[in-house]
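Those protein sequences? They're chains A and B, same order as listed. Using my numbering, you'd call the opening residue of the first sequence number 463 and step up by one each time. Using my numbering, you'd call the opening residue of the second sequence number 3 and step up by one each time. Just so you know, even glycine gets a beta-carbon here, dropped at the ideal spot from N, CA and C. This one's a predicted model, so the numbers in the text were calculated from it and none came from an experiment. Worksheet: the structure to be examined is printed underneath.
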Amino acid sequence: MSDPTGRKAVAAVWRIDSARIIGALTRYTGDFALAEDLAQEALAEALVTWPREGVPNNPAGWLLTVGRRRAIDAFRRRSARDEKYAAMAHHLPEGGALTGAEPGPAPDDVLWDPDQIDDDTLALMFTSCHPVLSREAGVALTLRVIGGLTSDEIARAFLVPTATVQARITRAKKTLGAAGVPFEVPPVSERPARLAQVLSVVYLIFTEGSSASSGDEVIRFDLAGEAQRLARILSRLMPEEPEVHSLLALLELTAARFPARRGPDGETVLLQEQDRRRWDRSAIARGRAALAKATDAGRGYGYYGLQAAIAECHALASSVQETNWVRIVALYDGLGRLAPSPVVDLNRAVAVSMAQGPAAALPLVDSLAGSDAFKDSHQLPGVRGELLRRLGRVDEARTALEQAVRLCGNERERAVLARKLAEL
Amino acid sequence: MKFMLIWRVTSDEAWGNLGEIDFDQMLETVGRFNEELINAGVLVAAEGLAPAEEGVVVDFSSEPPVVTDGPYGETKELFNGFYLINVPTIQDAIEWAKRTPMTAAGFKTEIRRVPTIDEFPQDNEWIKKERAWRESTGQL
């Protein structure tokens, strides 16, 4: 494997080990923001040293040792003006080889306690997705700390300048510090709300990755894949939480359709027109297994469970006609009660049209006409046009579809609408 | 991207040393590594093989082929097990391979990319059949 600069090796080690290194350093220093800085410094040092001297035998140990050495330096610097740090610098064990070539591994180090790693990773997740942070900040911090992505990779993935990502991360760390956010897995009383925040950040990473339609996709990091990996990690760390399994199920079942969602010319292929033979059966199997765990918890489905169950209905059906639309309507009912939204109502109306026919669905769609969510959106007239077409009300269907074509900003989706219009 | 990490023991000495390791210790060491792969969300599949002595080789060097009991050729050619992992780049696969447990001089891990069926011509009749088979068995 040619990697003359050694940079790829550093990046790969970082993707594997960033969480445990930052976790250990956070526990060591008691300061998440400082630990993240130290870890980045260690990473920068690896980028200089490894290409010259080769990748050390224990790369994670090397990075941790460098990070800890930098921590001691930092405490000594700060101890000159702050008694708290003076005390810390005094008490910290030096450990490892602080000078010389390769810092040795630290196998017996309390910092590398394998029983602590899971808790640390989980605490990092909860810290990176803390509610005091904006969603964008949570996403950037999670990808950098748990995912081990560089600011460059995150920037490319979100099509923003690297400086923007760096600024977001710096600001996020300041915000966490100012709010005095402790480095811990939140107590049971706060767990549901805090977990919801973590799951929403992972889901946002996934949707950003799965809807990647702009920009040069070749150089974009596989965000959807990374989100799935994060969900898998969470499901291992919090097996007692059904919504964690549900989120993993939703991601697997959604990603299963990726191979079929683009036609030969890169055009979007809608669910009803996808070649279902191209769906990833192993992803479906993994998704169903994860959903079964959520079901087994016996507490009913939550926000992600309901969506995963809907995705499972599609995954199990060999065609649109053979889909269990009655069950999908019921699941949308549940979703609408749990998280009321006009988009859910519209999806439910489409499901009703499949289960009971277009006549039953049309009033539901028309009742959404005044909703702000669909102001200037092509979705409502698009669905309405389709229902009217099925009812044989061709003139009205044409008017609705023309409106949808006019409002649709996505070229590929517009082409689908235009085709429907032409076929009237 | 899927990669197969193929575990090889390439010398009789290394193979001999392996026999001396305490079995419970070996289970724990390998188990911890497996758990690391699972916890990192990258493990797709893994299998280990029974000793090559239990195996049989069909050799096509002559006509008809010759069937012999026991290992295939020299120790250095033996294949003893694999991990299938899903990681972003081959470099990640290399870093995971370096962490393979139960290793010493004479042990090698070969890394090979596993292409997906999407990389083959989709209009080919046999690829279509393979896809149908993969579909029915849940592997793609």
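Per DSSP, what kind of secondary structure is residue i in: helix, strand or coil?
i: residue 867 of chain A; result: helix
i: residue 115 of chain B; result: strand
i: residue 9 of chain B; result: strand
i: residue 34 of chain B; result: helix
i: residue 48 of chain B; result: strand
i: residue 527 of chain A; result: helix
i: residue 837 of chain A; result: coil
i: residue 724 of chain A; result: strand
i: residue 626 of chain A; result: helix
i: residue 785 of chain A; result: coil
i: residue 730 of chain A; result: strand
i: residue 564 of chain A; result: A caution first: residue 564 of chain A carries a pLDDT of 40, below 50, which makes its placement in the model unreliable, though a value can still be read off. DSSP places residue 564 of chain A in coil when its eight states are reduced to three.
i: residue 559 of chain A; result: Caution applies to residue 559 of chain A, whose pLDDT of 34 falls short of 50 and renders its modelled position unreliable; the model cannot decide the point.
Alpha carbon to alpha carbon, how far is residue j from residue i? Give it in angstroms, no decimals.
i: residue 684 of chain A; j: residue 831 of chain A; result: 37 angstroms
i: residue 529 of chain A; j: residue 487 of chain A; result: 7 angstroms
i: residue 99 of chain B; j: residue 7 of chain B; result: 7 angstroms
i: residue 761 of chain A; j: residue 707 of chain A; result: 13 angstroms
i: residue 46 of chain B; j: residue 86 of chain B; result: 5 angstroms
i: residue 582 of chain A; j: residue 509 of chain A; result: 25 angstroms
i: residue 784 of chain A; j: residue 619 of chain A; result: 37 angstroms
i: residue 615 of chain A; j: residue 693 of chain A; result: 20 angstroms
i: residue 860 of chain A; j: residue 786 of chain A; result: 30 angstroms
i: residue 475 of chain A; j: residue 605 of chain A; result: 15 angstroms
i: residue 688 of chain A; j: residue 667 of chain A; result: 8 angstroms
i: residue 124 of chain B; j: residue 719 of chain A; result: 17 angstroms
i: residue 118 of chain B; j: residue 721 of chain A; result: 11 angstroms
i: residue 817 of chain A; j: residue 671 of chain A; result: 32 angstroms
i: residue 532 of chain A; j: residue 490 of chain A; result: 12 angstroms
i: residue 754 of chain A; j: residue 772 of chain A; result: 13 angstroms
i: residue 633 of chain A; j: residue 700 of chain A; result: 29 angstroms
i: residue 774 of chain A; j: residue 733 of chain A; result: 13 angstroms
i: residue 636 of chain A; j: residue 763 of chain A; result: 37 angstroms
i: residue 74 of chain B; j: residue 57 of chain B; result: 8 angstroms
i: residue 870 of chain A; j: residue 695 of chain A; result: 38 angstroms
i: residue 858 of chain A; j: residue 842 of chain A; result: 14 angstroms
i: residue 853 of chain A; j: residue 828 of chain A; result: 15 angstroms
i: residue 791 of chain A; j: residue 769 of chain A; result: 12 angstroms
i: residue 130 of chain B; j: residue 89 of chain B; result: 27 angstroms
i: residue 437 of chain A; j: residue 779 of chain A; result: Since the first residue shown for chain A is 463 and the last is 886, residue 437 of chain A is missing from the structure and cannot be characterised.
i: residue 121 of chain B; j: residue 654 of chain A; result: 43 angstroms
i: residue 833 of chain A; j: residue 502 of chain A; result: 47 angstroms
i: residue 66 of chain B; j: residue 669 of chain A; result: 58 angstroms
i: residue 856 of chain A; j: residue 717 of chain A; result: 36 angstroms
i: residue 872 of chain A; j: residue 80 of chain B; result: 55 angstroms
i: residue 578 of chain A; j: residue 44 of chain B; result: 21 angstroms
i: residue 55 of chain B; j: residue 27 of chain B; result: 23 angstroms
Does the beta-carbon of residue i have 16 or more other beta-carbons within 10 angstroms, so that it is buried, or is it exposed?
i: residue 539 of chain A; result: exposed
i: residue 483 of chain A; result: buried
i: residue 499 of chain A; result: buried
i: residue 93 of chain B; result: buried
i: residue 134 of chain B; result: exposed
i: residue 742 of chain A; result: buried
i: residue 648 of chain A; result: buried
i: residue 479 of chain A; result: buried
i: residue 704 of chain A; result: buried
i: residue 596 of chain A; result: exposed
i: residue 34 of chain B; result: exposed
i: residue 477 of chain A; result: buried
i: residue 96 of chain B; result: buried
i: residue 5 of chain B; result: buried
i: residue 757 of chain A; result: buried
I think residue i touches residue j, with their Cβ atoms under 8 angstroms apart; what is that distance to the nearest whole Å?
i: residue 847 of chain A; j: residue 866 of chain A; result: 6 angstroms
i: residue 608 of chain A; j: residue 811 of chain A; result: Their Cβ separation, rounded to whole angstroms, is 38 angstroms, which puts residue 608 of chain A and residue 811 of chain A out of contact at 8 angstroms.
i: residue 470 of chain A; j: residue 91 of chain B; result: 7 angstroms
i: residue 31 of chain B; j: residue 104 of chain B; result: 6 angstroms
i: residue 806 of chain A; j: residue 797 of chain A; result: 5 angstroms
i: residue 590 of chain A; j: residue 600 of chain A; result: 6 angstroms
i: residue 766 of chain A; j: residue 800 of chain A; result: That belief does not hold up - the Cβ atoms of residue 766 of chain A and residue 800 of chain A are roughly 10 angstroms apart, past 8 angstroms.
i: residue 494 of chain A; j: residue 588 of chain A; result: With a Cβ gap of about 11 angstroms, residue 494 of chain A and residue 588 of chain A do not count as contacting.
i: residue 505 of chain A; j: residue 525 of chain A; result: 7 angstroms
Is residue i near the ligand NAD, in the sense that its beta carbon is under 7 angstroms from a heavy atom of that ligand?
i: residue 26 of chain B; result: With respect to the ligand NAD, the structure shown offers nothing to examine, as it has no ligands at all.
Alpha helix (DSSP H) segments (min. 4 residues) lying fully within the region 788-831 of chain A: If we require 4 residues or more, the alpha helix (DSSP H) runs fully inside the region 788-831 of chain A come out as 804-818 and 820-828.
Segments of 3+ residues assigned as beta strand (DSSP E) that fall wholly inside the region 59-111 of chain B: Within the region 59-111 of chain B, the beta strand (DSSP E) runs of at least 3 residues that lie entirely inside it are, in chain order, 68-71 and 83-88.
Alpha helix (DSSP H) segments (min. 4 residues) lying fully within the region 630-712 of chain A: 653-672 and 685-699
Ordered list of alpha helix (DSSP H) runs contained in the region 579-603 of chain A, each at least 4 residues: none
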